[in-house]
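Protein chains in written order, with my numbering: chain A, 160 to 275; chain B, 19 to 133. All C-beta atoms in this analysis are idealised placements derived from N, C-alpha and C, irrespective of residue type, glycine included.
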């Protein structure tokens, strides 16, 4: 069975400082991994995805994540936080299951707060 | 806007009433998904359609829940005899293998409050 663990339920950083959101995964096969962001009262927006190509994945809004198989980790980083980054972030693992269903399993989320 | 569209965005209903949510996927996306998200949790998979065929249902989808996608385009999710535990955000998503490698795009969700 696939699963993800987001190690921090809440992260606070000052504007202009680096962001690190941690995620560990468990999957029986070679997984696809994603980070989604959810702003208040909004749907989910895809930040980036890893699908067994380059281990360092660049996403939108300056975010990137590195796939480390040996550590079963897929941590999300950004060099300099912006106020607009305040949101809930979800680490997601996907396995192809029946009939081509790319079934997503979400972590419990990390709430990112940016301090002015 | 050519994204996934959901209606209504918010619904308050009395316990025991039936509710129906509609989802319009991105045009030409043949795969459609429903997820449920409760406060403080990540979304959980409910069901999956490929074209008009419902190919997978989660154990979370009790007998009071039914989803359809009659013409392989829009989908409806109906909850009968609502209970307070059904209060959640219901998210619809769509994808296509030919669109960014089957990237799954989500709508903004339909909030359900059962009082």
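Asked, Found
"Note down the Cα distance separating residue 94 of chain B from residue 72 of chain B, rounded to an integer number of angstroms.", "12 Å"
"Closest by CA to residue 229 of chain A, which one among A/274, A/185, A/162 and A/165?", "A/185"
"I need the straight-line Cα distance from residue 221 of chain A to residue 237 of chain A, nearest angstrom please.", "6 Å"
"Looking at chain A, which residues of the stretch 59–70 of chain B have a Cβ within less than 9 Å of any of its Cβ atoms?", "59, 60, 61, 62, 63, 66 and 68"
"May I ask you to list, following chain order, the residues of the stretch 199–216 of chain A that have a beta carbon less than 9 Å from some beta carbon of chain B?", "200, 201, 202, 203, 204, 205, 208 and 210"
"So, are the CB atoms of residue 49 of chain B and residue 113 of chain B less than 7 Å apart?", "yes"
"What span of residues does the beta strand (DSSP E) with residue 96 of chain B cover, start to end?", "93–97"
"Identify whether residue 243 of chain A lies in helix, strand or coil by the three-state DSSP scheme.", "helix"
"If you draw a straight line from the C-alpha of residue 32 of chain B to the C-alpha of residue 109 of chain B, how long is it?", "21 Å"
"Going along chain B in order, which residues have a C-beta closer than 9 Å to the C-beta of residue 267 of chain A?", "58, 59 and 60"
"For residue 233 of chain A, write down the residues that DSSP places opposite it in a beta bridge.", "A/226"
"How would you label residue 81 of chain B, buried or exposed, when you count the other beta carbons within 10 angstroms and need 16 or more for buried?", "exposed"
"In the stretch 47–133 of chain B, which residue ranges form an unbroken alpha helix (DSSP H) of at least 4 residues, counting only runs that do not cross its ends?", "none"
"Quick check: the Cα distance between residue 26 of chain B and residue 202 of chain A, rounded to an integer number of angstroms?", "14 Å"
"Could you tell me the distance, in whole angstroms, from the CA atom of residue 111 of chain B to the CA atom of residue 92 of chain B?", "11 Å"
"Apart from the five residues on each side of it in sequence, which residues of its chain come closer than 7 Å, Cβ to Cβ, to residue 245 of chain A?", "271, 272 and 273"
"For residue 169 of chain A, which residues from the same chain have a beta carbon less than 6 Å from its beta carbon, with the 5 sequence-adjacent residues on both sides left out?", "270"
"Would you mind working out which of B/43, B/35, B/90 and B/61 sits nearest residue 83 of chain B, comparing C-alpha positions?", "B/35"
"Taking 7 Å as the CB-CB cut-off, is residue 226 of chain A touching chain B?", "no"
"Comparing C-alpha positions only, which one of B/37, B/29, B/38 and B/53 sits nearest to residue 136 of chain B?", "Outside the modelled stretch of chain B, which goes from 19 to 133, sits residue 136 of chain B, for which no answer is possible."
"Check whether chain B comes within 7 Å of residue 249 of chain A, counting only Cβ atoms and requiring the distance to be less than that.", "yes"
"Between residue 239 of chain A and the rest of its own chain, which residues show a CB-CB distance below 6 Å, the 5 nearest in sequence each way excluded?", "175"
"Residue 133 of chain B and residue 100 of chain B - do their beta-carbons sit closer together than 7 Å?", "no"
"Taking 6 Å as the cut-off, is the beta-carbon of residue 128 of chain B closer than that to any non-hydrogen atom of the ligand ZN?", "For the structure depicted, the ligand ZN is absent and the ligand set is empty, with no information on it obtainable."
"Can you tell me where the beta strand (DSSP E) holding residue 28 of chain B begins and where it ends?", "28–31"
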